[in-house]
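K.L.:
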Amino acid sequence: MIHRDRADGLVQTVLAANRSYLLGWNDGPATGDVYRSGLPHAPLNGVVRLAGRAPAEAYAQAGDLLDGVPRVWWVGADSDPGTAEALEALGARPVSRLPVMVAEVAAASVVPEPSGVSIEDARDIGEFVTAYAQVSGIPPEAAPRAAEREKTFGHAVLRLAARLDDGRIAGTAEAWFTDGLVTLYFVGTRPDHRRRGIGAALTQAVLRRAAVRGIPMAALTSTPIAVPVYERLGFHEISRYQLYAF
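Quick note on numbering: the sequence shown equals residues 331 to 576 in our numbering.
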């Protein structure tokens, strides 16, 4: 029972960290669990959970607040029971299931560094965002605005770039430090440089920096296809999100 309670507590901590990061993208007045960056990229506009509210009321409000932008609704263990069924009854459409994974920083596996690539702190936010926009699907014209939103995170965010010998950025990773853990976002590699271990090396670099800061636990929300990569580093699944379009 103690172990189950601890596991449940870890899940709630990880989901709270994800909520705080996503809400940080909100570009306007605080609106509870709704965030709107205004960028034409669904994950950067949406609802982080449904808790303590009537689904129909929350659904209508979210539709008004997020009108005109692509958006998603996150349904995880921090949402009220029955949220998924309620959203589907209201017309929401499930689009993906994302594993929530964690790893103990001190126990993480070591992976080889890819040749011809150096992992470094990204000091130019504009260049960094332009690089991850190419992988994540953010339109090029929206990258400057995304970079402006990135600046509002301050020192809570660490940005790492995998730079090729010719100076180009081949991959990115963003690390969000809060709630006593580090959460990873925008871990991605340009298509022409995949299968070289760049994403794993970036993740490993984040874990090493977390260790220096005394952070014991790392977390991320993975796409299903990337799960084996993270498992090799020592991550394991503790929960799942169901994402809805609405």
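Beta carbons are placed, not taken as given, at the ideal position from N, Cα and C, and that holds for glycine.
Model, not experiment: these values are computed from the prediction.
On the DSSP bridge assignment, give the partners of Y515 in chain order.
P.N.:
According to DSSP, which records beta bridges pairwise, Y515 is partnered with E504.
K.L.:
State the Cα-Cα distance for the pair V542 and V487, rounded to the nearest angstrom.
P.N.:
When rounded, the distance between both Cα atoms is 15 Å.
K.L.:
May I ask which residues mark the beginning and end of the alpha helix (DSSP H) holding L417?
P.N.:
Here the alpha helix (DSSP H) through L417 covers 413–420.
K.L.:
Is the beta carbon of R379 closer than 7 Å to that of A575?
P.N.:
Contact: no.
K.L.:
If P400 and A472 are in contact, beta carbons under 8 Å, what's the gap, nearest whole angstrom?
P.N.:
P400 to A472, Cβ: 11 Å. No contact.
K.L.:
For Y351 and D496, what's the separation of their Cα atoms in angstroms?
P.N.:
Each residue's Cα considered, the two are about 33 Å apart.
K.L.:
Apart from the five residues on each side of it in sequence, which residues of its chain come closer than 7 Å, Cβ to Cβ, to A372?
P.N.:
So the list reads P400, R401, V402, once near-sequence residues are dropped.
K.L.:
Whose CA, out of L563, R562, G368, V364, lies closest to the CA of A381?
P.N.:
Checking every option, the nearest Cα to that of A381 belongs to V364.
K.L.:
Just to confirm before moving on: does the CB-CB distance between G501 and T513 stay below 7 Å?
P.N.:
Against a cut-off of 7 Å, the Cβ pair of T513 and G501 comes out as no contact.
K.L.:
Checking 7 Å against the spacing of the C-beta atoms, do T361 and L395 come in under that value?
P.N.:
Their beta carbons are under 7 Å apart, which means T361 touches L395 by this criterion.
K.L.:
Mapping DSSP to helix, strand and coil, what is G348?
P.N.:
The amino acid at residue 348 is misidentified as Gly; the sequence shows Asn. Three-state DSSP puts N348 in a helix.
K.L.:
How is I455 classed by DSSP in three states: helix, strand or coil?
P.N.:
If DSSP states are grouped into helix, strand and coil, I455 belongs with the helices.
K.L.:
Taking the continuous alpha helix (DSSP H) assigned at I545, which residues delimit it?
P.N.:
No alpha helix (DSSP H) holds I545; DSSP gives it neither H nor E.
K.L.:
Looking only at DSSP bridge pairs, what is R427 linked to?
P.N.:
DSSP lists Q572 as partners of R427.
K.L.:
Less than 7 Å between C-beta atoms, sequence neighbours within five positions excluded: which residues of the same chain meet that for R366?
P.N.:
Correct list, in chain order: N356, D357, G358, N375, L395, L396, V399.
K.L.:
Starting from G393 and walking both ways along the beta strand (DSSP E), at which residues does that stretch end?
P.N.:
No beta strand (DSSP E) holds G393; the alpha helix (DSSP H) holding it covers 385–395.
K.L.:
Looking at the structure shown, is I332 part of a helix, part of a strand, or coil, going by DSSP?
P.N.:
Caution applies to I332, whose pLDDT of 42 falls short of 50 and renders its modelled position unreliable; the value that the coordinates give is listed next. Note: I332 maps to helix in three-state DSSP.
K.L.:
On the CB-based measure, 16 or more other CB atoms within 10 Å of its CB, does E480 come out buried or exposed?
P.N.:
Result: buried.
K.L.:
Is it right to say I528 is buried, meaning 16 or more other beta carbons lie within 10 angstroms of its own, or is it exposed?
P.N.:
Buried, because 16 or more other Cβ atoms sit within 10 Å of the Cβ of I528.
K.L.:
Find the nearest neighbour of W506 within the set R493, A347, Q342, judged by alpha-carbon distance.
P.N.:
Out of R493, A347, Q342, A347 has the C-alpha closest to the C-alpha of W506.
K.L.:
Within 10 angstroms of its Cβ, does I449 collect 16 or more other Cβ (buried), or is it exposed?
P.N.:
Under this definition I449 is a buried residue.
K.L.:
Can you tell which of P554, L345, T553 has the C-alpha that lies nearest to the C-alpha of S409?
P.N.:
Measuring from the Cα of S409, the nearest candidate turns out to be L345.
K.L.:
Report the residue from A531, A407, A549, R524 whose alpha carbon sits nearest the alpha carbon of T508.
P.N.:
Cα-wise, what sits closest to T508 is A549.
K.L.:
Terminal residues of the continuous beta strand (DSSP E) containing R524?
P.N.:
First-last for R524: undefined, no H or E at that position.
K.L.:
Taking C-beta to C-beta, are A437 and G564 nearer than 7 Å?
P.N.:
Yes. Within cutoff.
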